[in-house]
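What follows is a short report on a single structure.
Protein chains in written order, with our numbering: chain A, 1 to 140; chain B, 141 to 1006.
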């Protein structure tokens, strides 16, 4: 059973790996720039030794020292449906976190649904079936 | 000459239609509009019947007579097959189509939902009467008509029930843990007036909110559940808007000010925001998140993962960015809703507060190039009434050119028409006619227009308006006076062209030619050019000189402004679709059943985007089947729509109708899905009960699934996964993991670790258990050391100006000071572990293990965090 689970996760990872991306926790900034080109912007963030590099198409990568730790991407066409991710994460121990801690006016809060085993999460708005953002990080 | 021109014009239009006919067949909308759309006159009649027109405003004619006339005008637009079915004592086929449609769609969602039989509807034979029974008022009360008019105008409804969407209590009439009557959820007269006025304020895209179902008032004096007092409205992408008292306030003498207008339009704009993102298919959830809007306002998103691994995602506004009020600075979504609402209701204030680029962007993208500040209102209203009166000026000039009557007006003087030779009788006659028209225009604007009185409050505004009207009339009369001097046949030619002014064919054709895939794209600039081009071609075919053909085509544009044309066009599609609602339900059910009856699995990826469940789940085979079938179903449906035997043959019209049809089909399928999911949920429990025992037996028969003997959480997860693997049943509308996890954890896995069979298995694994318990020492020490490290980081923070080296030393000192506590906490936690107790592992055993790993753990943690 365990083997089947790991196999299915590997399958999902490999299916989702059509876009080549960084190997989070290992890829260096130099390797990232070789693949993505020069960033359009570098943004300092209140996390030690960290910054976020912006690229075209809304792609952003967080780096700590010289290592790429997180990616923030726009979902591709089929990834926009939340149901796509529910299915992709169906064999995973999914964690859902509310992102909007403080209610801003009457805007609907945003949630992060993530699967640590895959190192992927998606941001969506309460009520909606549309994924706003894909978050990637080192799989655990 | 006149007959000759008529003939030529007819020939030109025929040849135009014939030329374009091969490429662009007749549109269903044109056929429908010719039959159903006449100038709205209920309010004009109300003005005419009043003795004191000058002091009247829109609020003066807010009575059941006006509302009833307005309802009748809307209802005339609906025709088609009677709706089958019944609602309580009513045979729906006997009701006007929109009334029957309403009851068929929403009839179970009105009144006291806790006790549906408590309201007596007997003796009511129309919808306003039914609504008024809920209000406990006479059948002719204004509320019934306002609710119905809202539905007729916008296609969704103002709720009249005691169940608020998303309310916490499952019981209707219970809100914020308090009991309320249905009357507490209904609108008072001022609110009803404000809502009626909104039906006159808004045009496209607000009248095509196909994603909106209802607007629900919450009980009076209550806050929205789960929200603080300041929140007065909520819009949900699930299709509803909730309103609280704060969003329903109307004040001033004419009742045309108050937060009701801003609040309600704000919430409706959220629906525009959702809908447009969906229609534009750019992948976003909100139109306001698209880069062009973000750039125009100055929003950008900051997103990163903080030191604790939590995702931070916040909107920021560039320094110096202007917003209509501080609330509009909170996010692009709120900025969009707020700015558009203020733009429509508080034009003058908006113009002075927001950036000119944003002002212009909103005007051209959402209000057809109009603005609602003083000048904008004056220009727009004048333009509207100029076109309405254009056809009257010509006959008046003709009559005055031969009059010998003695008129007394001095509205015009000879210097108003330089270059023309006018007899004194003609000048006085033109003056008198123009003055009467000016007075009528002003009375109509004040009474018929929602912005009328608000724009004419101050003396200087009234003077500016009068000057503008006079100037406009002088120019309009002047054109004909001058042309008479130049060409005696001119008036005849223009008169002939007037016959085509009412024909929407060329206007609709211009929209079709400009359409590029979405009605939400701004087509106005293209339309304004295209319609003049088409009309001019028709006029040139009359062999008219170029300048006169241009004049006529511009006249056509003035009679068919973009706002009016699109409003009528989309209204016709909404009405035609609404008249076919039963067919839509049947076809949608057909595709649902087809997909339901096929064999199912959840192995493939979900693919397709026409139907997506908002909440819940649908196995991929079902989901993919629906999305594969729906394009064909939608196409069949579009081609089945008919009006008086005519079907859609125009290719662009087919695409536009699809835009309106698709949301309705999706809504119907969502209803089937919701119903099926609720039914399945009930089945899941009973199905699980049947197999629960055998799952537990299986789990206890072989402990191969136990991957860790010491980590209770991991053990429970393994138990859950193994148990789920034993369930063959595939739910169609629930994710298997979500459907059964709770049942498994509360059932077979719940006490599995205290089962004698499990304890026996544990005894037999003592050696392995010892190993695993001790292996937890390093992990627990690392966890506690990290907690201490994070605390040290917090009290000795890193700042931009410091280097990493300058904070490292004091932080290490902090670690040393608290290290003893760290180890004590580790031992306490490990001793609590039931396995440590069961196998009698002592504190000294753990201390000795800690000493083996202490230095390595501390170094690793300090390196990671400091």
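Where a beta carbon is used, it is the ideal one built from N, C-alpha and C, also for glycine.
Alpha carbon to alpha carbon, what distance is there between residue j and residue i?
| i | j | result |
| --- | --- | --- |
| residue 786(B) | residue 644(B) | 17 Å |
| residue 640(B) | residue 548(B) | 35 Å |
| residue 136(A) | residue 425(B) | 20 Å |
| residue 183(B) | residue 52(A) | Because residue 183(B) sits at a pLDDT of 41, beneath the cut-off of 50, its placement in the model cannot be relied upon, and the following sentence gives the value as read from the coordinates. Going from the Cα of residue 183(B) to the Cα of residue 52(A) covers about 60 Å. |
| residue 464(B) | residue 436(B) | 14 Å |
| residue 277(B) | residue 598(B) | 38 Å |
| residue 351(B) | residue 411(B) | 7 Å |
| residue 309(B) | residue 414(B) | 27 Å |
| residue 971(B) | residue 893(B) | 18 Å |
| residue 897(B) | residue 903(B) | 10 Å |
| residue 504(B) | residue 662(B) | 7 Å |
| residue 451(B) | residue 213(B) | 55 Å |
| residue 528(B) | residue 617(B) | 14 Å |
| residue 552(B) | residue 567(B) | 7 Å |
| residue 499(B) | residue 197(B) | 28 Å |
Evaluate residue i with the Cβ neighbour count: other Cβ atoms within 10 Å of its Cβ, from every protein chain shown; 16 or more gives buried, anything less gives exposed.
| i | result |
| --- | --- |
| residue 419(B) | buried |
| residue 81(A) | buried |
| residue 518(B) | buried |
| residue 161(B) | Below a pLDDT of 50, predicted positions are generally treated as unreliable, and residue 161(B), at 37, falls in that range; the measurement from the model is reported next regardless. Exposed. |
| residue 258(B) | exposed |
| residue 188(B) | Unreliable placement is indicated for residue 188(B), whose pLDDT of 44 sits below 50; the coordinate value is still reported in the next sentence. Exposed, by the Cβ-count rule. |
| residue 393(B) | exposed |
| residue 287(B) | buried |
| residue 122(A) | buried |
| residue 403(B) | buried |
| residue 852(B) | exposed |
| residue 907(B) | exposed |
| residue 760(B) | buried |
| residue 741(B) | exposed |
| residue 752(B) | buried |
| residue 89(A) | buried |
| residue 607(B) | exposed |
With a cut-off of 9 Å, does the C-beta of residue i fall near any C-beta of chain A?
| i | result |
| --- | --- |
| residue 339(B) | no |
| residue 184(B) | Bear in mind that a pLDDT of 45 at residue 184(B), under 50, signals an unreliable position, so the number given afterwards is only what the model happens to contain. No, its Cβ sits nowhere closer than 9 Å to a Cβ of chain A. |
| residue 442(B) | yes |
| residue 754(B) | yes |
| residue 417(B) | yes |
| residue 180(B) | Bear in mind that the predicted position of residue 180(B) carries a pLDDT of just 44, short of 50, making it too unreliable to give a figure here. |
| residue 296(B) | no |
In chain A, which residues lie with their C-beta within 7 Å of the C-beta of residue i?
| i | result |
| --- | --- |
| residue 481(B) | Simply none; closest approach about 13 Å. |
| residue 841(B) | Those within 7 Å of residue 841(B) in chain A number zero; the least Cβ separation is about 14 Å. |
| residue 425(B) | 125, 128, 130 and 132 |
Is there at least one non-hydrogen atom of the ligand NAD closer than 8 Å to the beta-carbon of residue i?
| i | result |
| --- | --- |
| residue 984(B) | The model on display carries no ligand, and the ligand NAD is accordingly not part of it. |
Using a Cβ cut-off of 9 Å (strictly closer), state whether residue i contacts chain B.
| i | result |
| --- | --- |
| residue 86(A) | yes |
| residue 46(A) | yes |
| residue 29(A) | no |
| residue 125(A) | yes |
| residue 121(A) | yes |
| residue 36(A) | no |
| residue 90(A) | yes |
Going along chain B, which residues have a C-beta under 7 Å from residue i?
| i | result |
| --- | --- |
| residue 135(A) | 451 |
Quick one: list the residues of chain A neighbouring residue i, beta-carbon separation under 9 Å, in chain order.
| i | result |
| --- | --- |
| residue 749(B) | 77, 78, 80 and 81 |
Would you mind telling me which residues of chain B sit closer than 8 Å to residue i, beta carbon to beta carbon, in chain order?
| i | result |
| --- | --- |
| residue 93(A) | 857 |
| residue 32(A) | The premise fails here: residue 32(A) is roughly 16 Å from chain B at the closest Cβ pair, so nothing lies under 8 Å. |
Please list, in chain order, the chain A residues whose beta carbon lies closer than 8 Å to that of residue i.
| i | result |
| --- | --- |
| residue 959(B) | Near residue 959(B) there are no residues of chain A at all, since even the closest Cβ is about 22 Å away, more than 8 Å. |
Exercise. Of all the residues that make up the segment 444 to 469 of chain B, which are near chain A by a beta-carbon distance shorter than 7 Å?
Worked result: Within the segment 444 to 469 of chain B, the qualifying residues are 444, 445, 446, 447, 451, 453 and 467.
Problem set entry | Residues of the segment 52 to 78 of chain A whose Cβ lies closer than 9 Å to any Cβ of chain B, in chain order | Going along the segment 52 to 78 of chain A in chain order, one finds 52, 58, 60, 62, 69, 70, 72, 74, 75, 76, 77 and 78 with a Cβ nearer than 9 Å to chain B.
Exercise. When you check each C-beta in the segment 758 to 788 of chain B against every C-beta of chain A, which residues fall closer than 9 Å?
Worked result: Taking 9 Å as the upper bound on Cβ-Cβ separation, chain A lies near residues 758, 759, 760 and 763 of the segment 758 to 788 of chain B.
For this session: Could you list the residues in the segment 864 to 897 of chain B with a C-beta less than 8 Å from some C-beta on chain A, going in chain order?
Result: Listed in chain order, the positions of the segment 864 to 897 of chain B with a beta carbon within less than 8 Å of a beta carbon of chain A are 865, 875, 876 and 877.
Problem set entry | chain A contacts made by the segment 968 to 996 of chain B, where a contact means CB separation under 9 Å | Within the segment 968 to 996 of chain B, no residue has a Cβ lying closer than 9 Å to any Cβ of chain A.
Problem set entry | Residues in the segment 730 to 745 of chain B having any Cβ partner in chain A nearer than 9 Å | Within the segment 730 to 745 of chain B, those residues whose Cβ lies closer than 9 Å to any Cβ of chain A are, in chain order, 742, 744 and 745.
Problem set entry | Against chain A: residues of the segment 355 to 386 of chain B by CB proximity under 7 Å | Look at the segment 355 to 386 of chain B: the residues with a C-beta under 7 Å from a C-beta of chain A are 367, 371, 373, 374, 376, 377 and 378.
For this session: Scan the segment 497 to 510 of chain B for residues whose Cβ lies nearer than 7 Å to a Cβ of chain A and list them as they occur along the chain.
Result: Those would be none; no residue qualifies.
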